[in-house]
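Working notes for the structure below.
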Amino acid sequence: MPRHRTGSPSPDLVCAGRRSMSDRLLVKIDGAVVGRLWLDEKKHFCFLYDDLWLENSRIPLSLALPLRKDAYLDDEPHPFFANLLPEEKLRTVIARNLGISPNNDYGLLERIGGDCAGAVSLYTNEAAVQSETGSYRRLSLDELNEIIGELPKRPLLAGEKGIRLSLAGAQKKLPVYYDGHHFHLGMGSAPSNYIVKPPIEDLDNTVENEAFCMALAHEVGLDVPKTFIHQHGPLKLFVIERYDRTRTGENIQRLHQEDFCQALRIQPEFK
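Residue numbers (the numbering used here): 7 to 277.
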């Protein structure tokens, strides 16, 4: 995986990064354009805040990337974005399914960086236009079980048309929209509001253990998300409401957040 690099960029690298808009990724927070991400000639991450975002005195993308007019160059933005991606075996399988290198963070963000932790979404210019209207596909209980059963081979459904999901971590999970009765897959820009977690292989009762720990935390007065155990047939699933989502009327809104690794510019492999 690329490492964080420091040092002053040459004018040639700055110009190379500014040369083409078509190969940049649009970075959005809850649908609003924050800035653009690209690779320079050395494959270093570069990021530039959008002028309109700066004019409106918006929040920074990260504490590690304060608002400013100058671009962040020489891989300085890399830790923030790298920490949006899956890790370990999940990452390897996803990369193989997509036909790209598991060390290609930029390529992974381009392919699966639609519904990430917090409010951040990344799109190519073409994908950004297509994603303006999101929708949900309702899943039958049998379909949900089938998808969960395929997660070891298709983590986060990477590569399926219209689905771009990314969550950090090494355990299998699936972001979904749950309306209180039915589970749905988010298509395009539609946000998820729950995460479904199957049992961990080779560990007994992980679903029950997670549910118990969350219930215990609630009983001692901690503010924890809603959780429940869903079972259809023999398969038990731990279902947890996303703390980085909120409901405004009929809509689900993404809430911006970052973890300490992102704020402190720590690469995922050093967690």
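Glycine residues also receive a C-beta, built at the ideal position from the N, C-alpha and C atoms. No experiment lies behind these values; they were computed from the predicted model shown.
Here's a check: name, in chain order, each residue in its chain whose Cβ is nearer than 6 Å to the Cβ of residue i, leaving out the five neighbours to either side.
i	result
L191	R143
K48	none
S198	D121, P181, V182, Y183 and G192
V33	V40, G41, L43 and L128
R11	For R11, the pLDDT reaches just 39, beneath the cut-off of 50, and the residue's location in the model is therefore unreliable, leaving the point undetermined.
H262	I35, G124 and A125
So, under 8 Å CB-CB, residue i and residue j are touching, yes? Tell me the CB distance rounded to an integer number of Å.
i	j	result
H236	V230	About 18 Å; that fails the 8 Å criterion.
L128	L115	5 Å
P108	T98	5 Å
D111	F87	7 Å
P83	F51	5 Å
In this structure, what does DSSP give as the bridge partners for residue i?
i	result
S68	L71
Q237	K242
R253	I258
E247	Y200
W59	In DSSP, W59 forms no bridge with anything.
S141	M193
D121	L171
Within a Cβ cutoff of 8 Å, which residues of the same chain sit near residue i, ignoring the five residues on either side of it in sequence?
i	result
G13	The predicted model places G13 with a pLDDT of 38, which falls under 50 and marks its position as unreliable, so this point remains unresolved.
Locate the beta strand (DSSP E) running through residue i, then write down its first and last residues.
i	result
Y112	Premise fails: Y112 lies in the alpha helix (DSSP H), D111 to I118, not in any beta strand (DSSP E).
N257	N257 to R260
P83	Premise fails: P83 is in no beta strand (DSSP E) and is neither H nor E.
L128	V126 to T130
L54	F51 to Y55
A269	First-last for A269: F266 to A269, but that is the alpha helix (DSSP H), not the beta strand (DSSP E).
L180	L180 to Y184
A77	Premise fails: A77 is in no beta strand (DSSP E) and is neither H nor E.
Between which two residues does the alpha helix (DSSP H) harbouring residue i extend?
i	result
G192	Not the alpha helix (DSSP H): G192 falls in the beta strand (DSSP E), residues F189 to M193.
K95	E94 to L104
A223	T212 to E225
A196	Element bounds for A196: n/a, residue is neither H nor E.
I154	L147 to E156
Going along the chain, which residues of its own chain have a beta-carbon closer than 7 Å to the beta-carbon of residue i, five neighbours each way excluded?
i	result
L60	L73 and K75
N151	H238, G239 and L241
R160	N103
Does the structure place the region 257-264 close enough to the region 152-167 that three or more beta carbon pairs sit under 8 Å?
no
Flag this pair as touching only if the region 258-276 and the region 205-222 have three or more C-beta atom pairs under 8 Å; answer yes or no.
no
Within the chosen definition, does the region 184-203 reach the region 90-105 through at least 3 CB pairs nearer than 8 Å?
no
Answer yes if the region 239-256 comes into contact with the region 61-68, meaning at least three C-beta pairs across the two stretches below 8 Å, and no otherwise.
no
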